[in-house]
Every structure is written in structure tokens, then in C-alpha cells.
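For the sequence shown, UniProt numbering assigns the number 1 to the initial residue and increments by one for each residue that follows.
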Amino acid sequence: MPPNIKIVNYCYISSVRQCVKNYWNIQNRDRRLDFLSSLIEVLPKQTSRKRKPESHKQRKVTAFYFLVVNGLRVSVCKKCFQKTFAETNKAIEQVLKNKYTNNSMRLIELDKRGKGSPKNTITAETKEIVRSHLLSITNYESHYTRRDSSRKYIPTHWTLAALYEEFKIKYPDVKVNRKFYETQFHDLNLAIKVPNKDTCMTCDRLITLNSNQDKPELSVALKVHQKQADLAYSMKKENKLISKENPQHQTFTLDLQQCLPTTVITSSLAFYKRQLWTYNLTIHNCDSNQAFCYLWNETLANRGANEKLLIPGHTHMEGDSDHSVIEKKKKYNGQIEHPHDWAKLIRQCEKKILCKSLK
1 MPPNIKIVNY CYISSVRQCV KNYWNIQNRD RRLDFLSSLI EVLPKQTSRK
51 RKPESHKQRK VTAFYFLVVN GLRVSVCKKC FQKTFAETNK AIEQVLKNKY
101 TNNSMRLIEL DKRGKGSPKN TITAETKEIV RSHLLSITNY ESHYTRRDSS
151 RKYIPTHWTL AALYEEFKIK YPDVKVNRKF YETQFHDLNL AIKVPNKDTC
201 MTCDRLITLN SNQDKPELSV ALKVHQKQAD LAYSMKKENK LISKENPQHQ
251 TFTLDLQQCL PTTVITSSLA FYKRQLWTYN LTIHNCDSNQ AFCYLWNETL
301 ANRGANEKLL IPGHTHMEGD SDHSVIEKKK KYNGQIEHPH DWAKLIRQCE
351 KKILCKSLK
């Protein structure tokens, strides 16, 4: 009984698929090419002829290509071999070249692509020069966010372009592009901008004196002052945690916003006139995140005594966020012609703030 053609074809295709699967399961490309080399035999050419008189191609060897089918090597043409393994003609030609050049039937020369060092490689020494230059620029810490961030700030008169030009002038023989320079700038956690929060007069004074005189006692005094400020913030944080866990406790912060002028108009005449000041005392409930603003103007009362738990100059509290919302609203609201307009503006803020005008 003759064999079933469908079964024979199925066995043939399954065996070829397994051969191709084994090939692509090899992760290393050099070993994959070695696999192809094992399926190619190279013999000296027997005959040759020139198809065209002007042709200069001289075939040196004769190549035979095989597929493993059911454990047997089956001869196939080059096109079938190439398409079966989904390889390019360039890869097959490279295998052939290595095979007859190295006189090897199996192992081929290792792939050297991507192994050499790029010509534009920047050395560790050059990198250190760039970083040293960036760190030599005067920098300072953010005032209120010092506890949560190690970012340093460079004065606002600098730009990245100006820093790079300064570097090229100082180190004319060191060749780095601007992109690499900026990458090192960001890796050092530097920024060019004024911190969003006001600075402390005591901190500024001690830092300035220390930079000019370089006295150890000034550094100690600065650390003691900052430690006291951090301790006060820690106490406030502990109180917020206690009130969050115990509903019988609540934590409030009080902050008096900077004086609000009336009127706020675009006319230059207002600059030369004495303005009426409106005061805003903000009480912020840290548990519900609800802010209460109490407004009065200087015809009703002045500002009273100022007693604070936090260290002067380190008094950033939740109320400052409420005040920033008010300042932002004022920027786009238009004119303020009466103290009552301040209350109206506050009530229109995106963040819900309850406002009470005192009489």
C-alpha cells in the first residue's frame, strides 16, 4: 500500500518547523550563524563559465544547503534555505565567506558589530570636569522644601546656554556637546529658578556671612537654627496625625495674609495715592482641609500681637496655600475698588474658602 501523501507532507512540514524553531530559540546571533554554517557544505568548484565577456565575477566554491527532516539532511536550493530561516541574503553570504576563509566546517568568526568603543565616547575624566564646573557655580537650597528635597538652585541670572558658554571658555580643550552638559546638570539635581517660598532672614544672613568669612561657628549656628525650624514642623506634623486618628482632637493653623491693597486698578495714579489696607486672617482646618477667611480693613482695627509656635522665617503652613489661591485669583479677576470686593473675590476661588467680613 503506498504511503499517504498528506501524512508525509505533514511530517515533513512539522520537522522543518521544529528545525526553524530550534534556530530562533538560540539567543546569541553568533551561535545562530554557527547553526546555519552546520547546514551548509562548501566544496571546491568543479566547473565555471563566463556568461558575459565583461563579467569579472569568479565563483570560488560551490555551496550546498540542507534542512534537517526527520533526522536526515535534505538538500534544498539557496532561496528555499534562506526563506525557511527568514534570513537575509547578506547573512547567508557572510556565513559562506567565513566558512571558506577560515577553512572551518562549523564555527565561524564571531560577529564584531557593536563591540567596539564609539569614537565620541566621553571619558570619566571629562564627565568629572563638567560636574565640577557645575558645582562650582554658587547654588542654594530651597527654603521651606529643604526637608523634602535635596535640589539645589542656581541664581536666576544664569541660563543653561550661559553656563555652557562659560564652560567652553574655561575649558576650551574639553570637547562636550550641550546635550551632555545639560544631562549632567539635571543628574546633579540642579535647577535655575527662584524657590516658590520666601526665605528666612536669619538663614540668609548666616549663609552670606559664612560665604564671606568661612567661620565654623557660623555653620554651626545655621545648622542649629534649621534644626529648631525642623523640630517645630515635626511637632505640627505629629499634631495633625493625632487629630487624624482621634476625632476628639482637631488641628488648626492660623496665618495672616500680606496686606491687601484697595483699590487695585491699572491706572498709574493709584501708585502715588495712599491705599486702604484690608487684612485677611486665615484659619485652616487641617483635618477637613477647609479654610476660613476673616476680613477687616484698617478703619475697623489694626493687626494685633503676633505669637507663633514656628520659628520666624520658617512659618510655611497650610494657610499659605490658601493665600496663593487668592493671589492667583486676583491676578485674573480685574479691579478691586472696595474692601467688599476682596470678600467677593475669595468666595469665587476654585478652592472652596469660607469668607466672613468683620464689621
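Glycine residues also receive a C-beta, built at the ideal position from the N, C-alpha and C atoms.
Simplified DSSP assignment, three categories, for residue i
{"i": "L300", "result": "coil"}
{"i": "S219", "result": "helix"}
{"i": "D287", "result": "coil"}
{"i": "C19", "result": "helix"}
{"i": "S205", "result": "Checking the sequence shown, residue 205 turns out to be Arg, not Ser. Reduced to three states, the DSSP call for R205 is helix."}
{"i": "L188", "result": "coil"}
{"i": "I26", "result": "coil"}
{"i": "I265", "result": "coil"}
{"i": "C293", "result": "strand"}
{"i": "N246", "result": "coil"}
{"i": "S14", "result": "helix"}
{"i": "S104", "result": "Confidence at S104 is low in this model, with a pLDDT of 48, below 50, so the placement of that residue is unreliable and no value is reported for it."}
Enclosing beta strand (DSSP E) for residue i [first to last residue]
{"i": "P339", "result": "Run containing P339: none in the beta strand (DSSP E); it sits in the alpha helix (DSSP H), 339-347."}
{"i": "C355", "result": "353-357"}
{"i": "T88", "result": "Run containing T88: none; DSSP gives neither H nor E here."}
{"i": "L67", "result": "61-69"}
{"i": "D255", "result": "252-256"}
{"i": "R73", "result": "72-76"}
Inter-residue spacing [alpha-carbon to alpha-carbon] between residue i and residue j
{"i": "L238", "j": "H249", "result": "In the sequence under discussion, the amino acid at residue 238 is Glu, which differs from the Leu named in the question. About 12 angstroms."}
{"i": "S243", "j": "Q290", "result": "15 angstroms"}
{"i": "F64", "j": "I92", "result": "12 angstroms"}
{"i": "I26", "j": "V61", "result": "28 angstroms"}
{"i": "T84", "j": "R31", "result": "18 angstroms"}
{"i": "L295", "j": "A232", "result": "28 angstroms"}
{"i": "L188", "j": "L345", "result": "42 angstroms"}
{"i": "R303", "j": "N297", "result": "10 angstroms"}
{"i": "Q226", "j": "V176", "result": "39 angstroms"}
{"i": "I13", "j": "K90", "result": "26 angstroms"}
{"i": "E87", "j": "T183", "result": "39 angstroms"}
{"i": "N210", "j": "T202", "result": "12 angstroms"}
{"i": "C33", "j": "T156", "result": "This sequence places Leu at residue 33; Cys is not what is there. Whole-angstrom Cα-Cα distance: 58 angstroms."}
{"i": "A343", "j": "K273", "result": "23 angstroms"}
{"i": "A161", "j": "I192", "result": "12 angstroms"}
{"i": "N70", "j": "R17", "result": "11 angstroms"}
{"i": "G319", "j": "V174", "result": "50 angstroms"}
{"i": "L107", "j": "T121", "result": "Confidence at L107 is low in this model, with a pLDDT of 48, below 50, so the placement of that residue should be treated as unreliable; the coordinate-derived value is given next. Roughly 32 angstroms separates the two Cα atoms."}
{"i": "K330", "j": "K215", "result": "45 angstroms"}
Distance between beta carbons of residue j and residue i, contact taken as under 8 angstroms
{"i": "L354", "j": "F292", "result": "5 angstroms"}
{"i": "F66", "j": "L96", "result": "That pair is no contact at about 14 angstroms."}
{"i": "H133", "j": "K170", "result": "7 angstroms"}
{"i": "residue 402", "j": "D255", "result": "Nothing can be reported for residue 402: it is not among the residues displayed for the chain, which extend from 1 to 359."}
{"i": "N139", "j": "L190", "result": "7 angstroms"}
{"i": "L163", "j": "I137", "result": "7 angstroms"}
{"i": "I154", "j": "V264", "result": "Rounded, the Cβ-Cβ distance is 34 angstroms, inconsistent with contact."}
Continuous alpha helix (DSSP H) stretch holding residue i: start and end
{"i": "R29", "result": "29-38"}
Contact with chain C by residue i, beta-carbon distance below 9 angstroms
{"i": "Q94", "result": "Looking at the structure shown, chain C is missing, and only one protein chain is on hand."}
What runs of the alpha helix (DSSP H), each 4 residues or longer, lie entirely inside the region 118-185? Entirely contained in the region 118-185, the alpha helix (DSSP H) runs reaching 4 residues are, in chain order, 124-136, 160-170.
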